[in-house]
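Numbering (the UniProt record's numbering), first residue to last: 1 to 106.
In structure tokens:
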């Protein structure tokens, strides 16, 4: 846990480091859940870890499935962004020589 002096964040007016510290916070791990609940969560969530976590610790299947859907959308968006080929064509007018220079970036 960080102290106010160690924090690298800037806070909006009216907020400080103390607004975001939960000294009694205890992390939870899916492995700590009973085996039956965990198996049910894995089956309902197609083994999506974020969905499994939400199902186990909230008991809310709708929330867990929404988490799974959001994760799938993020993966698809990332894949689409990495396969997008950007072609930019710039034509620069050179005033001194009265010529066009064509630059292609791929």
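Cβ atoms here follow ideal geometry from the backbone N, Cα and C, with glycine treated the same way. Since we're looking at a predicted model, the values are computed, not measured.
Alpha carbon of residue 10 to alpha carbon of residue 67, nearest angstrom: 29 Å
Whole alpha helix (DSSP H) runs in the UniProt domain "Mucin-4-like C8-3" (32-79) with 4 or more residues, listed along the chain? 35-44 and 49-58
Is there contact here, the stretch 5-23 with the stretch 41-57, by at least three beta-carbon pairs under 8 Å? no
If we count the other Cβ atoms within 10 Å of its Cβ and call it buried at 16 or more, is residue 29 buried or exposed? exposed
So, at 6 Å on beta carbons, what are the nonlocal neighbours of residue 33 in its own chain, with the 5 sequence-adjacent residues on each side left out? 56
Residues in the same chain with beta-carbon distance under 6 Å from residue 53, minus the five sequence neighbours each way, listed in chain order, please. 30
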